[in-house]
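Each residue of the sequence shown is one higher than the one before, starting from 1 at the first, in the UniProt record's numbering.
This report concerns only the one structure given below.
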Amino acid sequence: MTLFGQVLIGPPGSGKTTFVHGMHQMCTALNRPNIIVNLDPANENVPYIPDVDVRDLINFENVMNEHKLGPNGALVYCMEYLQVNIDWLIDGIRAKRKNSSYILIDIPGQVELYTHNYVLREILSVLAKDLDTRLTAVHLIDSTLLSSPTNYISALLVSLSAQMSIELPYLNVFSKIDLLEHFKDDLPFKLEYFSQLEDLNQLLTFWKHESNMGDHPLFLKYKGFQSELVDLVEDSSIMQFIPVDINDKDSVLQILQLIDKSNGFSMLSEYSEYSALGIETNINMLPNEEMYGTIYERYIEKYQENQNSKEK
Numbered sequence: 001m002t003l004f005g006q007v008l009i010g011p012p013g014s015g016k017t018t019f020v021h022g023m024h025q026m027c028t029a030l031n032r033p034n035i036i037v038n039l040d041p042a043n044e045n046v047p048y049i050p051d052v053d054v055r056d057l058i059n060f061e062n063v064m065n066e067h068k069l070g071p072n073g074a075l076v077y078c079m080e081y082l083q084v085n086i087d088w089l090i091d092g093i094r095a096k097r098k099n100s101s102y103i104l105i106d107i108p109g110q111v112e113l114y115t116h117n118y119v120l121r122e123i124l125s126v127l128a129k130d131l132d133t134r135l136t137a138v139h140l141i142d143s144t145l146l147s148s149p150t151n152y153i154s155a156l157l158v159s160l161s162a163q164m165s166i167e168l169p170y171l172n173v174f175s176k177i178d179l180l181e182h183f184k185d186d187l188p189f190k191l192e193y194f195s196q197l198e199d200l201n202q203l204l205t206f207w208k209h210e211s212n213m214g215d216h217p218l219f220l221k222y223k224g225f226q227s228e229l230v231d232l233v234e235d236s237s238i239m240q241f242i243p244v245d246i247n248d249k250d251s252v253l254q255i256l257q258l259i260d261k262s263n264g265f266s267m268l269s270e271y272s273e274y275s276a277l278g279i280e281t282n283i284n285m286l287p288n289e290e291m292y293g294t295i296y297e298r299y300i301e302k303y304q305e306n307q308n309s310k311e312k
């Protein structure tokens, strides 16, 4: 039986584990049996109970101490060890899946695992061959990075690198969108601009202020370099970003329906779970004006009202 699901990737602190927990709760509410696989050996505090946990195979702290490795090196070692012992992972998933046709995989955040090393891609390839998986890579970017044009472009480059390396259907997500209220005054553009990746050269104006270098000759070279990076991102046709508040049911449903479409789960008879629960399906819908309006009303305007009331 085909196993559909999601692979959560993204930098450390982007909210992958929280996303997995929220998505598990949503799938459970939809009566969609699912299993959770934790492949992050350094993830000490998980809000969910993993069905398969790489920490049962290898101890991250022991690897660091025994092999005199730093955190990143130890993570690479652990993932390579998992690749060598891939039968352990396959057997664990088979033992736990039972009637489940859906899987959620939590991946370490270190980008080295899919930019400088192909171990993650090889592991996912074996899962596809031996377990007939149909997975979508969900790449999370912390929305607080939008307040800094430099950090934003860096995040786009990481996403582009992952998209080219993972070789899976791919969705970009702005996580922690509920935190917009705390940095709304620092956003140089509206959320739509960052999500839709249109005319990124507008960011160059803000780099000048962000660098505090004025018209220094070094800044002119730096600006030229940044301009080339912007062109690279635009020429690569990177996927637009979907804003998600993992604590909001409608937001989670929207991204889940898009994921279901990308990995083919929406073609199954089980997909009728939505209609059975009276949930409208609109899997062709990407973020639109109405959705952005809801985000501004819920987070930014609410924040402004609270600030005004405090001033009074």
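We treat Cβ as the ideally placed atom computed from N, Cα and C, and that holds for glycine.
Remember, it's a predicted structure, so these values are computed and weren't measured experimentally.
Problem set entry | Where Tyr118 falls: helix, strand or coil (DSSP) | coil
Exercise. How many Å lie between Ile107 and Lys16 at the Cα?
Worked result: 8 angstroms
For this session: Output yes or no for whether 8 angstroms exceeds the beta carbon distance between Ser100 and Pro47.
Result: no
Problem set entry | Of the listed residues Tyr152, Asp185 and Ile86, nearest to Ser125 (C-alpha basis) | Ile86
Problem set entry | Proximity to Ser161 [Cα-Cα], best of Leu30, Ile35, Gln83 and Ser237 | Ser237
Exercise. With 16 other CB atoms within 10 Å as the buried threshold, where does Pro11 fall?
Worked result: buried
Exercise. Are the CB atoms of Leu171 and Val138 nearer to each other than 8 angstroms?
Worked result: Going by C-beta atoms, Leu171 is nearer than 8 angstroms to Val138.
For this session: Take Tyr102 as the anchor and find which of Asp53, Ile123, Ile35 and Glu192 has the nearest alpha-carbon.
Result: Ile35
Problem set entry | Simplified DSSP assignment, three categories, for Leu8 | strand
Problem set entry | Three-state secondary structure assigned by DSSP to Tyr102 | It is a strand residue.
Problem set entry | Residue environment, Gly224, which counts as buried when at least 16 other CB atoms sit within 10 Å | Gly224 counts as exposed, since fewer than 16 other beta carbons sit within 10 angstroms of its beta carbon.
Problem set entry | Through-space distance from Leu120 to residue 316, alpha-carbon basis | What the structure shows of the chain is the stretch from 1 to 312, and residue 316 is not part of that stretch, so it cannot be assessed.
Exercise. Count the other CB atoms within 10 Å of the CB of Arg94; is the residue buried (16 or more) or exposed (fewer)?
Worked result: Flag for Arg94 reads exposed.
Exercise. Straight-line CA distance for Gln110 to Asn31?
Worked result: 33 angstroms
Exercise. How many Å lie between Ile9 and Leu140 at the Cα?
Worked result: Taking the straight line joining both Cα atoms gives about 6 angstroms.
For this session: Please determine, among Thr136, Asn65 and Asn43, the residue with the shortest C-alpha to C-alpha distance to Phe4.
Result: Thr136
Problem set entry | Beta carbon of Ser147 nearer than 8 angstroms to that of Leu200 | It is not a contact, given that the beta carbons lie outside the stated cut-off.
For this session: On the DSSP bridge assignment, give the partners of Leu140 in chain order.
Result: DSSP output for Leu140 lists Val173 as bridge partner(s).
Problem set entry | Pair within 8 angstroms by beta-carbon distance, Gln226 and Ile153 | Yes. Within cutoff.
Exercise. Taking the beta strand (DSSP E) that Phe241 falls in, what are its first and last residues?
Worked result: In the DSSP assignment, Phe241 falls within the beta strand (DSSP E) that extends over Phe241 to Pro243.
Exercise. Roughly how many angstroms separate the alpha carbons of Glu66 and Ala74, rounded to a whole number?
Worked result: 10 angstroms
For this session: To the nearest angstrom, report how far apart Met267 and Gly92 are at their CA atoms.
Result: 27 angstroms
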